[in-house]
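Under mature numbering (1 follows the signal peptide of the UniProt record, and there is no 0), the residues of the sequence shown are numbered -19 to -1, 1 to 308, in order. Each residue gets a CB set at the ideal place from its N, CA and C atoms; glycine is no exception. Written out below as structure tokens is the structure these notes cover.
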Amino acid sequence: MLLVVWFALLLAASHAVSASTGRDAPSAGAAAQAAVAAPAHEPPVPLLWKVSDADNAIYLLGSFHLLKAGDYPVSEDIEQAFAAAERVVFEVAPEQLDAPDTGQRFLAAAGYENGRSLSKVMPSRLYEKLRRLLARQGQGIAQIEAYEPWFVNLSLLLGLARSLEFSPDQGLDRYLIGRATKAGKPTAGLETLQDQLDALDATPLDEQLTSLREFLDRPQEMPGLLDELHQAWRDGDVEALDVLTRRDMREKTPETYRLLNVERNDRWVPALQAMLDDNGDDALVVVGALHLLGDDGVVEKLRDAGYDVERICSACEAEPVTTPDPM
């Protein structure tokens, strides 16, 4: 599940991977257009929290960075939070994600120094598994020889996601970027694209290989794992997501978990506090859902800082209360 977690719930830069692989990347408005064209479905139950002090609020929304047209429209809870927000804040400012050089910057960060290459850092048996997998897909391994395992990880998941009709261009963050642009709402980022690239590039090689090995050892299971994670997100099931993602990642790749989740959350919290303490405007803050889970998540960190925190979930409130059978 490690690879799926990275891409689907953790990194807004998933769109940049799409750009760097040379695939056609629709504009931010494409997700919004697809949402209008999509047939009616029951909206996903949002991972949405309202954090407030005496004079304003921020709405924290957990994104799934890979979605389908059928995941739209969004729920009324999200619509109301969007309407209440004077601005919309993302992990990375939209203008950075959509800059013409984003793909090249991603490839540069994923490259090697000192003459190394993928075949030199991967165990030979694992490298051969990767070569065979790519060959079955009609691709050669030479095209990724110059890139680190973390980039190979994300590229593999992008290919899997597209085969299952998921796309970063349909992600909730991309949809809301389009909505904010259309509505004329100011947008901003909690970090820079370079911050995300630096975090990825700092992940230990052995943990990069752990994630890659998980995919290559059982590629036939990956579609089901992505579907399971997607369904847990659609259900707004915090406990299931925590088990499938945060706990698994923390146990198997602890340093990667610290770099990609904990450290970034810790950097974001002061910025979120500044929005609450220094600004009378409300804001909608859209980040990967993993950043909102557990004791390391920004929801609990802001609760611990003394702010009022409540989950906004009309679908949760509408669920019938079951009474246990009498003994």
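**Report entry** Complete alpha helix (DSSP H) runs within the segment 124 to 154 (minimum length 4 residues, chain order)
**Finding:** 130 to 144
**Report entry** Given 8 Å, three or more beta-carbon pairs between the segment 241 to 248 and the segment 173 to 188
**Finding:** yes
Query - Beta-carbon proximity check, residue 154 vs residue 295, cutoff 7 Å - result: no
Query - Of the residues 223, 198, 197, the one placed nearest residue 209, counting alpha carbons only - result: 223
Query raised in the report: So what does DSSP say about residue 6, is it helix, strand or coil?
Result: Low local confidence applies: a pLDDT of 36 at residue 6 is under 50, so the model's placement there is unreliable, and no value is given.
Query raised in the report: For residue 274, which beta-bridge partners are listed by DSSP?
Result: The bridge partners DSSP lists for residue 274 come to none.
Query raised in the report: Nearest to residue 156 by CA position, among 267, 192, 274, 97, is which residue?
Result: 267
Query raised in the report: Three-state secondary structure (DSSP) at residue 223?
Result: helix
Query raised in the report: From the DSSP output, which residues share a beta bridge with residue 289?
Result: Answer by DSSP bridge pairing, in chain order: 33.
**Report entry** Coarse secondary structure for residue 98, derived from DSSP in three states
**Finding:** coil
Query raised in the report: So is residue 201 buried or exposed if we call it buried at 16+ other beta carbons inside 10 Å?
Result: exposed
Query raised in the report: For residue 283, which option in 272, 250, 274, 35 has the closest C-alpha, if you only look at C-alpha atoms?
Result: 250
Query raised in the report: By the 10 Å Cβ neighbour count, where 16 or more other Cβ atoms means buried, how is residue 261 classified, buried or exposed?
Result: exposed
Report task. Using alpha carbons as the reference points, say which of 158, 109, 90, 140 lies closest to residue 127. Result -> 90
Query raised in the report: residue 306: buried (16+ other C-beta within 10 angstroms of its C-beta) or exposed?
Result: Any reading at residue 306 is ruled out, since the residue's pLDDT is 41, under 50, leaving its predicted position unreliable.
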